[in-house]
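If you count the sequence shown from 1, position 73 lands on 73 in my numbering, and the numbers rise without skipping. For glycine and all other residues, C-beta sits at the position ideal for the given N, C-alpha and C.
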Amino acid sequence: MAKGLRGACDRIRRECLDHVIVLDEEGLRRVLAAYIRYYHKSRLHLSLEKDSPDPRSVQSVGKIVAIPEVGGLHHRYERRAA
1 MAKGLRGACD RIRRECLDHV IVLDEEGLRR VLAAYIRYYH KSRLHLSLEK DSPDPRSVQS
61 VGKIVAIPEV GGLHHRYERR AA
C-alpha cells in the first residue's frame, strides 16, 4: 500500500473507526460517508492555510455554536446571529 494511502487509512481509523461500533457494511459506508463530508467541509488542513478543501467564508459576528458531525464524534463551530 502506498505511504500516502496508508497514512489516510490510519487517520480514518484513529479519528473515526476506533470510536464507533460498526455492525454491517451499510453502517460502515454510512460512517465513512459522514466522516468524508466532515473531513472535506469542516476539518482544518494546514497545507491549505487552515482552510478546508471546500472553502468557507469567515464569520466574525454572532454567537458561537457547536454543530455535531459524524454522529457527535466531531464538531463544527459556526457563528449564528443572536
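_Extent of the continuous beta strand (DSSP E) to which V65 belongs_ = By one-based count along the sequence shown, residue 65 stands at place 65. Residues K63 to E69.
*Can you tell me the Cβ-Cβ gap for G62 and R80, rounded? I've got them flagged as a contact below 8 Å.*
Translated into positions along the sequence shown, residue 62 becomes position 62. Translated into positions along the sequence shown, residue 80 becomes position 80. With 8 Å as the limit, G62 and R80 qualify as a contact, their Cβ atoms being about 5 Å apart.
_Distance check for E78 and A66, CA to CA, integer angstroms please._
Taking the sequence shown and counting its residues from 1, one reaches residue 66 at position 66. Taking the sequence shown and counting its residues from 1, one reaches residue 78 at position 78. Taking the straight line from one Cα to the other gives about 7 Å.
*What are the boundary residues of the beta strand (DSSP E) that includes R79?*
Here the question's residue 79 lines up with position 79 in the sequence shown. Where R79 is concerned, the enclosing beta strand (DSSP E) stretches over H74 to R80.
*Are Y38 and H74 touching if we call contact CB-CB under 7 Å?*
Mapped onto the sequence shown, residue 38 falls at position 38. Mapped onto the sequence shown, residue 74 falls at position 74. It is a contact, given that the beta carbons lie within the stated cut-off.
*Is the CB-CB distance between S52 and K41 below 7 Å?*
On the sequence shown, position 52 is the one that residue 52 refers to. On the sequence shown, position 41 is the one that residue 41 refers to. Contact: yes.
*Can you tell which of R43, V22 and R30 has its C-alpha closest to the C-alpha of R11?*
For the purposes of this step, residue 11 is identified with residue 11 of the sequence shown, where counting begins at 1. The option with the nearest alpha carbon to R11 is R43.
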